[in-house]
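Trainee: Here it is, the structure, as structure tokens.
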Amino acid sequence: MSGFGAPHCGALRAGDSGRSVELYGWVGRRRDHGGLTFVDLRDRWGTVQVVFNPELAPAAHAAAAALRAEFVIKVTGEVRLRPEGMRNPQLATGEVEVAAERLQVLSESLTPPFQLEDATSADTDEKTRLSYRYLDLRRPEMLRILELRHRVNKIIHTHMDENEFIEVETPILSKTSPSGARDFLVPSRLHRGQVYALPQAPQVQKQLLMVAGVQRYYQIARCFRDENLRADRQPEFTQLDIEMSFGDEEDVFSLVEGLFVRLWRETIGVELPLPFPRLNIRDALLRYGTDKPDLRYELEIAELGPVLVETEAKVFRNALDTGGVVRGLAVPGGSDLSRRELDELAVIARGAGGQGLAWLPGGPLDKFLTAAEIAGIQQATGAAEGDLVLIAADRRRRAETVMGLVRSEVARRRDLIRRDEWRFLWINPTYLFDEDDEGRLTYAHHPFVRPVAEDLEFVEERPYDVRAHAYDIVCNGYELGGGSLRIYDPAMQERVFKLLGMPESTIRERFGYLLEAFNYGVPPHGGIAWGVDRVVMMLAGTENIRDVIAFPKTQSMTDLMMEAPSAPDPELMEELGLRFAPPPGTSRQSGR
RNA sequence: GGUCCCGUGGUGUAGCCUGGCCAAACACGCGGCCCUGUCAAGGCCGAGAACGCCGGUUCGAAUCCGGUCGGGACCGCCA
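If you use our numbering, the first sequence corresponds to residues -4 to 587, in order.
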């Protein structure tokens, strides 16, 4: 018996009427009328109604009485048009039904721990769903996402192939890389005391592939980063990783834009307008308070420092005198915001490490501000009559975070988000250097990012204004990915390392093999990587990355189904030469 | 590392603020019986939770307090 070639339950249509079919699937609902019994039979392609008629097939009808939810069955019968008035327009197969002649139970099921039929993800606690992921995935809603993800992968392969890119696989057992995230380590058995690292991204390998002459590389690559999780972050995730030789930003942009257009068109039937707009990173941080702005609503943040140079309002004075900033945002018609809502916004501000929020008119600061200052604030933020201005004063980075969070919260509360829009944009240009926690010069991306050549003229005087050939792609408030053109001139690379104050030995140790490779004829090259999981999230219309990954981890990085992580086999530990240190805080003294 | 939310039958909720009327209510699901056109089928009957765990307050706690475990959202972190 093989049911592999059998017709799909969900694919039967009026045109199939009269056909004798063998169907395989899972039992959904059973409606037993004493005489007639109806069973919804479900497979990956959908659901069809099977009718058991005691007059037509008494044995099958009798057997159907024992059917329960999620039994796996085989039904033989005839497809026929449903009688007039008994069609079900809710169902793709609703024109027809299958008159069962024979029923075979292939496998029984316990009552599932949660309902699969007519249930959405929101109907069940995620903890339970993840513990029985195989049942959760069985729901049509989830199977559709798996199919969507497959289609996305397929379109990627087609698009990249048509542009003459080839997919090359790179190692999962790799080496600690120069990126900033914490590595997952894999101890080596043959080399005691040494470890492999799981790749955070195939960054170095793809550059080496350019040296190798591959010229156009891509990979749907699994990446691993041991950092704290978020609704859109998992410890292992998938990126479309791309690198090309002899191209510039424009080539990267048009390749990727073309791919996104195709993805949106071929999965959800949406035409994305081209080209994607570009936004300087500094404008993004100022106007939207984030490096991944959501442009589906307006609400722009304004710099208020200039109109407050002489202010005597203490919170503003303090911020400005200590090198901080004051930023404001006009909420259209916001004068109706209740005190309670303002307090809730202030909680969000404090949650981001901020002091709180000021507002006007009607706020506690009104009496400390001059009429001219108030007018200036209103003008800077574009506030009109009936608008409310929300203001944060803090260190620049924190004020940006606070205002960015406030901006998105206001948009959510006031329902300002145009949910049918897809606002892609490139964050470009960005800058080469950033400040680390100690106020020292550090790279904003990674040390191989190519600076804009003409900006190197003032690199000594104004290093922070040196632009980088680097870019991020953002959509609707999500950072989808980013990339850069790389340095291929050893002299320029040398110069950048020097500026960063990296000692020769560190450079050799960390990047030696890459620099060595660069001695043998490096093509100018650059690339990008973007997150497949996040793109599938957007296409699937979910805000939870776990929804688009078959077997995801919880926020505390556990797998509730497999119960991973777990304690290792002591023998294996011995072989690896590993031993766990006692938990922190445990010492001989305190351990009694 | 930090802030916040949640944890009650198989599932989802109510009750918790304003302790006792709660060995806990409702819906779905589950079991049985009836029923030949339903499609969230219908009708009748029935089973099922001492309220995550530990401790405290109290004459008395699902309800208050502390801790802990688990899930989630966010800040830091994630070049």
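Backbone N, C-alpha and C define an ideal beta-carbon position, used for all residues, glycine too.
(1) Measuring CB atoms only, is the stretch 237 to 257 touching the stretch 128 to 141, in the sense that at least three cross pairs come out at less than 8 Å?
(2) Output the distance between the C-alpha atoms of Ala9 and Ala95, rounded to the nearest integer angstrom.
(3) Around the C-beta of Pro565, are 16 or more other C-beta atoms found within 10 angstroms, so that it is buried, or is it exposed?
(4) Could you tell me which residues DSSP puts in a beta bridge with Arg354?
(5) Find out if the Cβ-Cβ distance for the pair Gln214, Pro197 is shorter than 8 Å.
(6) I need the boundaries of the beta strand (DSSP E) containing Lys548, first residue and last residue.
(7) Met239 lies in the beta strand (DSSP E); which residues open and close that run?
(8) Between Ile167, Arg220 and Gly208, which has its C-alpha nearest Gly516's C-alpha?
(9) Under 8 Å between the Cβ atoms of Arg462 and Val444?
(10) Beta carbon of Arg77, beta carbon of Val91: below 8 Å?
(11) I want to know whether the stretch 377 to 388 touches the stretch 351 to 358 - three or more CB-CB distances under 8 Å.
(12) If I measure Cβ to Cβ from Asp246 and keep anything under 8 Å in the same chain, skipping five residues before and after, which residues do I get?
(13) Three or more C-beta pairs closer than 8 Å, one from the stretch 548 to 555 and one from the stretch 222 to 235: is that the case here?
(14) Entirely within the stretch 240 to 318 and at least 4 residues each: give me those alpha helix (DSSP H) ranges in chain order.
(15) Quick one, are the C-beta atoms of Phe160 and Leu267 less than 8 Å apart?
(16) Shortest alpha-carbon distance to Val262 belongs to which of Arg139, Leu281 and Ala61?
(17) From which residue to which residue does the alpha helix (DSSP H) around Leu400 run?
(18) Under the assumption that Pro251 contacts Ile468 (Cβ atoms under 8 Å), give the Cβ distance between them as a whole number of angstroms.
(19) Please go through the same chain and pick out, in chain order, the residues whose beta-carbon is closer than 8 Å to the beta-carbon of Ala192, but skip the five residues on each side of it.
(20) Cα separation between Ser582 and Glu558?
(21) Which class does Glu160 belong to by DSSP, given the choice of helix, strand or coil?
(22) Can you tell which of Ala524, Glu17 and Ser249 has its C-alpha closest to the C-alpha of Ser(-3)?
(23) Here's a check: name, in chain order, each residue in its chain whose Cβ is nearer than 7 Å to the Cβ of Ala55, leaving out the five neighbours to either side.
(24) Looking only at C-alpha atoms, which of Met487, Arg273 and Trp417 sits nearest to Leu534?
(25) In this structure, does DSSP put Lys69 in helix, strand or coil?
(26) Pull up the distance between the alpha-carbon of Ala562 and that of Arg39, whole angstroms please.
(27) How many Å lie between Leu303 and Glu368 at the Cα?
(28) Given a threshold of 16 other Cβ atoms within 10 Å of its Cβ, counted over all protein chains shown, does Arg587 qualify as buried or as exposed?
(29) Quick check on the DSSP output: what are the complete beta strand (DSSP E) runs of length 3 or more inside the stretch 50 to 126, in order along the chain?
(30) List the whole-angstrom C-beta distance separating Phe66 from Glu103, where the pair is believed to meet the contact cut-off of C-beta under 8 Å.
(31) Suppose the cutoff is 6 Å on Cβ atoms and the five residues either side in sequence are ignored; what does the same chain contact list for Gly572 look like?
(32) Is Glu244 near the ligand NAD, judged by its Cβ being under 7 Å from some heavy atom?
(33) So for Ser330, helix, strand or coil by DSSP?
(34) The beta strand (DSSP E) spanning Gly371 covers which residue range?
(35) Between the C-alpha atoms of Thr376 and Asp120, what's the straight-line distance to the nearest angstrom?
(36) Let me check one thing: in DSSP terms, what residues is Leu420 bridge-paired to?
Mentor: Put simply:
(1) no
(2) Your numbering for residue 9 matches position 14 in the first sequence. Your numbering for residue 95 matches position 100 in the first sequence. So the two alpha carbons sit approximately 17 Å from each other.
(3) Stepping through the first sequence from its first residue, residue 565 is reached at position 570. By the 10 Å Cβ count, Pro565 comes out exposed.
(4) Here residue 354 refers to the residue found at position 359 of the first sequence. For clarity, residue 354 is Trp in the given sequence; the question names Arg instead. Paired residue(s): Leu385.
(5) Here residue 214 is taken as the residue at index 219 of the first sequence, counted from 1. Here residue 197 is taken as the residue at index 202 of the first sequence, counted from 1. It is a contact, given that the beta carbons lie within the stated cut-off.
(6) The sequence position of residue 548 within the first sequence is 553, counting from 1. Run containing Lys548: none; DSSP gives neither H nor E here.
(7) Locating residue 239 in the first sequence gives position 244, where the first residue counts as 1. First-last of the beta strand (DSSP E) with Met239: Glu231 to Ser240.
(8) Counted from its first residue, the first sequence places residue 516 at position 521. Per the Cα distances, Gly208.
(9) For the purposes of this step, residue 462 is taken as residue 467 along the first sequence, with counting starting at 1. For the purposes of this step, residue 444 is taken as residue 449 along the first sequence, with counting starting at 1. Result no, Cβ atoms of Arg462 and Val444 do not sit closer than 8 Å.
(10) Mapped onto the first sequence, residue 77 falls at position 82. Mapped onto the first sequence, residue 91 falls at position 96. Their beta carbons are under 8 Å apart, which means Arg77 touches Val91 by this criterion.
(11) yes
(12) Along the first sequence, one-based indexing puts residue 246 at 251. Closer than 8 Å at the Cβ level, and outside the excluded window around Asp246, lie Met239.
(13) yes
(14) 244 to 263, 276 to 283 and 309 to 316
(15) In the first sequence, the residue the question calls residue 160 occupies position 165. In the first sequence, the residue the question calls residue 267 occupies position 272. Contact: no.
(16) Taking the first sequence and counting its residues from 1, the one referred to as residue 262 is at position 267. Reading off the sequence shown, one finds Thr at residue 262, where the question assumed Val. Among Arg139, Leu281 and Ala61, the Cα nearest to that of Thr262 is on Arg139.
(17) Taking the first residue of the first sequence as position 1, residue 400 is located at position 405. It spans Arg391 to Arg408 - the alpha helix (DSSP H) in which Leu400 sits, taken as one unbroken run.
(18) Locating residue 251 in the first sequence gives position 256, counting from the first residue. Locating residue 468 in the first sequence gives position 473, counting from the first residue. First, the amino acid is wrong: residue 251 is Val here, not Pro. About 7 Å; that satisfies the 8 Å criterion.
(19) Taking the first sequence and counting its residues from 1, one reaches residue 192 at position 197. Correct list, in chain order: Ser169, Lys170, Thr171, Ser172, Asp178, Phe179, Leu180 and Val181.
(20) Your numbering for residue 582 matches position 587 in the first sequence. Your numbering for residue 558 matches position 563 in the first sequence. The pLDDT assigned to Ser582 is 48, lower than 50, so where the model puts this residue is not dependable, and the model offers no usable value.
(21) As a working note, residue 160 is residue 165 in the first sequence. The identity of residue 160 in the sequence shown is Phe, whereas the question assumes Glu. Phe160: coil per DSSP, three-state reduction.
(22) In the first sequence, counting from the first residue as 1, residue -3 sits at position 2. Considering only alpha carbons, the answer is Glu17.
(23) Position 60 of the first sequence, counted from the start, is the residue given in the question as residue 55. Hits under 7 Å: Phe47, Ala95, Glu96, Arg97 and Leu98.
(24) Residue 534 sits at position 539 when you count from the first residue of the first sequence. Nearest C-alpha to Leu534: Trp417.
(25) As a position in the first sequence, residue 69 is number 74, starting the count at 1. The answer is strand: DSSP assigns Lys69 an E or B state.
(26) Within the first sequence, residue 562 is the residue found at index 567, counting from 1. Within the first sequence, residue 39 is the residue found at index 44, counting from 1. Taking the straight line joining both Cα atoms gives about 37 Å.
(27) In the first sequence, the residue the question calls residue 303 occupies position 308. In the first sequence, the residue the question calls residue 368 occupies position 373. Their backbone Cα atoms lie some 6 Å apart in a straight line.
(28) To locate residue 587, count along the first sequence from 1; it is residue 592. Any reading at Arg587 must be qualified, since the residue scores a pLDDT of 27, below 50, and its modelled position is unreliable; the value itself is stated next. The residue in question, Arg587, is exposed, as its Cβ has fewer than 16 Cβ neighbours within 10 Å.
(29) 67 to 76 and 91 to 102
(30) Here residue 66 refers to the residue found at position 71 when the first sequence is read from its first residue. Here residue 103 refers to the residue found at position 108 when the first sequence is read from its first residue. That pair is a contact at about 5 Å.
(31) On the first sequence, position 577 is the one that residue 572 refers to. So the list reads Arg187, once near-sequence residues are dropped.
(32) In the structure on display, the ligand NAD does not appear, and there are no ligands present to speak of.
(33) The residue given as residue 330 occupies position 335 in the first sequence. Note: Ser330 maps to helix in three-state DSSP.
(34) Counting from one through the first sequence, the residue named residue 371 turns up at place 376. Here Gly371 belongs to no beta strand (DSSP E); instead the alpha helix (DSSP H) covers Ala366 to Thr376.
(35) Position 381 of the first sequence holds residue 376. Position 125 of the first sequence holds residue 120. Cα to Cα, the separation comes out at about 43 Å.
(36) On the first sequence, position 425 is the one that residue 420 refers to. Paired residue(s): Val469.
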